[in-house]
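K.L.:
I have a structure I would like to understand better, so I am pasting it below and will then ask my questions one at a time.
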């Protein structure tokens, strides 16, 4: 008999979500601190209200389910999927109160976009937003990139429970033997890079005459959204605001680091530099960057003249490609300019966005690991057919260690890849209902589902409400890689039936 | 012949300077960049953000109805700018004249305007922070209700724990 959902599930889920919301409340002390430093008392009140809401919600949940129990896989998945949805709703509160959003739905869209590290925005008049609200937008990216539950994981969960939550947030590699030590390592790497990356960006801006406080604010914001491949920026012009190729070059380094697996980071940190050369995922990433950029180049054949010179052409096209492939969504051109690109070049960007970055990184999309795995599996099948029936064909790849491909691994990769492709096309079909055209619709849908954030102009505050909701669902499903959401849906159906 | 060519070039070049395309907004420029590429344009808007210094000039961004664009300005214009739009700061509202580039060669492909002159139409100002009374009251009310609820729930759960023992 397959165990069905019970009241115990609800109690366990409520208890852990309650604990997670205490962490959310505490996280909002950072924007309060920034608001107080800058004398932004309106913003401080917004966050005060939001913290109260988080703590009150957590208290209610913890009252009805005060005891912690060991959680199983199913409960872990439900906790993750539901926490992300609730985090979106609660984190949108201070954004909405800021007055920079047309509706609460727009604020929810923005918070899901931040947590899922997408980078599509519906904010209005961003250039006049308070530092506190702006830092909150970027902090959400930073928490979401590592996995928002990973924040709470370090403090609130036990070993076995932690693993179930960890996997639920679409992380498959355990870099260290224990999930909590892995989570701590991920945070240590992220904070170290936060200091180095923000400092580098700050120094560049200081050289351009920007005051230290402003340069630091921009540096921290751009790092948090770049490292976590989110693509938010504190100004409406995004990266175009800085008019600085050196600044863009540093963001490219940051986003490539963000899109690299934490496993590779661990290897490099422990002195195994050859992993950079030998890791199968890094090799595939380099190949797909090269291949998709080739598609963009072919797409522009005969039209390079529109950029006036080759260097400008390379700077703009390569930046969009890297931005799309790693899922960051930073842009040094306007979305209306991107919309005018030739169809084949746009297709190249769509493919790059769809593939995404490395597994167990902050990037979204199908992930180069799965693409590589499917390629290796195809190679194995061809060899199996070509060799005598009695031969036993094995295919290996190097990903921190030598791994032999097995059917279960390929099956999981195939299921997730198919789910992503269906999700990409679903958004394109929905956009067709609103007369956006197939290619623009596909571009925006892939951008949302693969958590990229490049826009061709569809995403704006006046877009249809249904499309906003659809993109929220795409961002959520794409970030959690489906399984947690499927189990949550099944859970709700069972609860309703009972 | 050579003189005629020089004369015609000067005439057309001069023409484009004299007859700047006025009443253009930033959205129109961005929407149809090829239409205005290399032309003298005249636009109005609020200066926002920061002054970003460069070699022989500086960058400042101009916001016009939700869309911003980068202005590359000569150093001599810097002194005119007093306020840049940010949170609680209304930036200087200016009229600028300059040449629009859809992909500027000098600035490695940026879409920008090389400004000849900046005219301040209305000087910006700091906007004092007004805290809405209803927001403060609702925050206090919410805080009070929530803290009371948390306290009551805490007491209830302690009582339940005691009775279970």
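Protein chains in written order, with the working numbering: chain A, 83 to 580; chain B, 189 to 353.
Cβ coordinates follow ideal geometry from the N, Cα and C atoms, glycine included.
Remember, predicted model here, so these are calculated numbers, not experimental data.
#1: How would you call residue 293 of chain A, buried or exposed, if buried means at least 16 neighbouring beta carbons within 10 angstroms?
#2: Could you tell me the distance, in whole angstroms, from the CA atom of residue 95 of chain A to the CA atom of residue 152 of chain A?
#3: By DSSP, does residue 355 of chain B sit in helix, in strand, or in coil?
#4: So residue 350 of chain B contacts chain A; which residues on that side make the cut at Cβ distance below 8 Å?
#5: Counting C-beta neighbours from all protein chains within 10 Å, is the total for residue 306 of chain A 16 or more, i.e. buried, or is it exposed?
#6: Using a beta-carbon distance cut-off of less than 8 Å, what residues from the stretch 224 to 252 of chain B approach chain A?
#7: Using DSSP's beta-bridge definition, name the partner residues of residue 261 of chain B.
#8: Considering only C-alpha positions, which residue in the set A:142, A:98, A:121 is nearest to residue 318 of chain B?
#9: Assuming residue 500 of chain A and residue 455 of chain A form a contact by the criterion Cβ under 8 Å, report the distance between their Cβ atoms to the nearest whole angstrom.
#10: Can you give the Cα-Cα distance for residue 269 of chain B and residue 131 of chain A, rounded to whole angstroms?
#11: Distance cutoff 8 Å, beta carbons only. Does residue 540 of chain A sit that close to anything in chain B?
#12: Per the DSSP calculation, residue 305 of chain B is bridged to which residue(s)?
#13: Return the first residue and the last residue of the alpha helix (DSSP H) that residue 485 of chain A is part of.
#14: Is it a yes or a no for the stretch 229 to 246 of chain B touching the stretch 431 to 447 of chain A, going by three-plus beta-carbon pairs under 8 Å?
#15: With residue 306 of chain B and residue 241 of chain B assumed to form a contact (beta carbons below 8 Å), what rounded beta-carbon distance in angstroms separates them?
#16: At 7 Å on the CB atoms, spell out the chain A contacts of residue 323 of chain B, in chain order.
#17: Return the CA-CA distance between residue 430 of chain A and residue 205 of chain A, expressed in angstroms with no decimal places.
#18: Quick one, which residues of the stretch 298 to 329 of chain B are near chain A if we go by CB-CB under 9 Å, in chain order?
#19: Would you kindly work out how many angstroms separate the C-alpha atoms of residue 210 of chain A and residue 274 of chain B, rounded to a whole number?
#20: Whole angstroms are fine: how far does the CA of residue 228 of chain B sit from the CA of residue 198 of chain B?
#21: May I ask you to check if the CB of residue 339 of chain B is nearer than 7 Å to at least one heavy atom of the ligand PLP?
#22: What residues match up with residue 256 of chain B in a beta bridge as DSSP calls it?
#23: On the CB-based measure, 16 or more other CB atoms within 10 Å of its CB, does residue 228 of chain A come out buried or exposed?
#24: List the residues of chain B whose Cβ lies closer than 8 Å to the Cβ of residue 174 of chain A, in chain order.
#25: What residue range does the beta strand (DSSP E) around residue 478 of chain A cover?
#26: When the cut-off is 8 Å and only beta carbons count, does residue 489 of chain A lie next to chain B?
#27: Could you tell me the boundaries of the alpha helix (DSSP H) in which residue 220 of chain A lies?
#28: Give the interface partners of residue 213 of chain A over in chain B, defined as CB-CB distance under 8 Å, in chain order.
#29: Any C-beta of chain B within less than 7 Å: which residues of the stretch 127 to 141 of chain A qualify?
#30: Count the other CB atoms within 10 Å of the CB of residue 352 of chain A; is the residue buried (16 or more) or exposed (fewer)?
#31: Could you tell me the alpha carbon to alpha carbon distance between residue 546 of chain A and residue 185 of chain A, rounded to whole angstroms?
#32: Are the beta-carbon atoms belonging to residue 297 of chain B and residue 372 of chain A less than 8 Å from one another?
#33: Rounded to whole angstroms, what's the CA-CA distance from residue 567 of chain A to residue 411 of chain A? Just pull it up for me.
P.N.:
Let's see:
#1: Numbered from its first residue, the first chain carries residue 293 of chain A at position 211. Flag for residue 293 of chain A reads exposed.
#2: Taking the first chain and counting its residues from 1, one reaches residue 95 of chain A at position 13. Taking the first chain and counting its residues from 1, one reaches residue 152 of chain A at position 70. One C-alpha to the other measures close to 11 Å.
#3: The structure shown does not extend to residue 355 of chain B, since chain B spans only 189 to 353, so no value can be given for it.
#4: Locating residue 350 of chain B in the second chain gives position 162, counting from the first residue. Ordered by position in chain A, no residue passes the 8 Å Cβ test against residue 350 of chain B, which lies about 13 Å from the chain.
#5: Residue 306 of chain A sits at position 224 when you count from the first residue of the first chain. Buried, by the Cβ-count rule.
#6: 236, 237, 238, 239, 240, 241, 242, 246, 247, 249, 251
#7: Taking the second chain and counting its residues from 1, one reaches residue 261 of chain B at position 73. Partner(s): B:246.
#8: Locating residue 318 of chain B in the second chain gives position 130, counting from the first residue. Looking at the Cα atoms, A:121 is the closest of the given residues.
#9: Working through the first chain from its first residue, we reach residue 500 of chain A at position 418. Working through the first chain from its first residue, we reach residue 455 of chain A at position 373. Actually they are not in contact, since the Cβ atoms of residue 500 of chain A and residue 455 of chain A sit about 14 Å apart, beyond 8 Å.
#10: As a first step, residue 269 of chain B is located in the second chain; it is residue number 81 there, counting from the start. As a first step, residue 131 of chain A is located in the first chain; it is residue number 49 there, counting from the start. About 38 Å.
#11: Walking along the first chain from the start, residue 540 of chain A turns up at place 458. It does not: the Cβ of residue 540 of chain A has no partner Cβ on chain B nearer than 8 Å.
#12: As a first step, residue 305 of chain B is located in the second chain; it is residue number 117 there, counting from the start. Bridge partners of residue 305 of chain B: B:285.
#13: The residue labelled residue 485 of chain A in the question sits at position 403 within the first chain. Note, residue 485 of chain A: premise wrong, no alpha helix (DSSP H); beta strand (DSSP E) at 484 to 486.
#14: no
#15: The sequence position of residue 306 of chain B within the second chain is 118, counting from 1. The sequence position of residue 241 of chain B within the second chain is 53, counting from 1. Going by Cβ atoms, the distance from residue 306 of chain B to residue 241 of chain B rounds to 16 Å, so no, they are not a contact pair.
#16: To locate residue 323 of chain B, count along the second chain from 1; it is residue 135. Result: 127.
#17: Position 348 of the first chain holds residue 430 of chain A. Position 123 of the first chain holds residue 205 of chain A. The alpha-carbon atoms of residue 430 of chain A and residue 205 of chain A are separated by roughly 28 Å.
#18: 298, 299, 300, 317, 318, 319, 320, 323, 324, 326, 327
#19: Stepping through the first chain from its first residue, residue 210 of chain A is reached at position 128. Stepping through the second chain from its first residue, residue 274 of chain B is reached at position 86. Computed Cα separation, rounded: 4 Å.
#20: By 1-based counting over the second chain, the position of residue 198 of chain B is 10. By 1-based counting over the second chain, the position of residue 228 of chain B is 40. Caution is warranted here: a pLDDT of 47 is assigned to residue 198 of chain B, below 50, making its placement in the model unreliable, and the coordinate value is therefore given only provisionally. So the two alpha carbons sit approximately 15 Å from each other.
#21: Inclusion of the ligand PLP in the displayed structure is not the case, the ligand content being empty and no account of it being possible.
#22: The residue you call residue 256 of chain B lines up with position 68 of the second chain. In DSSP, residue 256 of chain B forms a bridge with B:251.
#23: The count along the first chain starts at 1 and reaches residue 228 of chain A at position 146. Buried, since its Cβ has 16 or more Cβ neighbours within 10 Å.
#24: By 1-based counting over the first chain, the position of residue 174 of chain A is 92. Residues of chain B passing the Cβ test: none, with the nearest at roughly 16 Å.
#25: In the first chain, counting from the first residue as 1, residue 478 of chain A sits at position 396. Residue 478 of chain A -> beta strand (DSSP E) spans 478 to 480.
#26: Here residue 489 of chain A refers to the residue found at position 407 of the first chain. No, because no Cβ of chain B sits closer than 8 Å to the Cβ of residue 489 of chain A.
#27: Numbered from 1 along the first chain, position 138 holds the residue referred to as residue 220 of chain A. Run containing residue 220 of chain A: 213 to 228, per the alpha helix (DSSP H) assignment.
#28: Here residue 213 of chain A refers to the residue found at position 131 of the first chain. Simply 275.
#29: 127, 130, 131, 134, 137, 138, 141
#30: Reading the first chain from its first residue, position 270 is the one you call residue 352 of chain A. Residue 352 of chain A should be labelled exposed.
#31: Position 464 of the first chain, counted from the first residue, corresponds to residue 546 of chain A. Position 103 of the first chain, counted from the first residue, corresponds to residue 185 of chain A. Each residue's Cα considered, the two are about 13 Å apart.
#32: Translated into positions along the second chain, residue 297 of chain B becomes position 109. Translated into positions along the first chain, residue 372 of chain A becomes position 290. Not in contact: residue 297 of chain B and residue 372 of chain A (Cβ atoms no closer than 8 Å).
#33: For the purposes of this step, residue 567 of chain A is taken as residue 485 along the first chain, with counting starting at 1. For the purposes of this step, residue 411 of chain A is taken as residue 329 along the first chain, with counting starting at 1. Cα to Cα, residue 567 of chain A sits roughly 24 Å from residue 411 of chain A.
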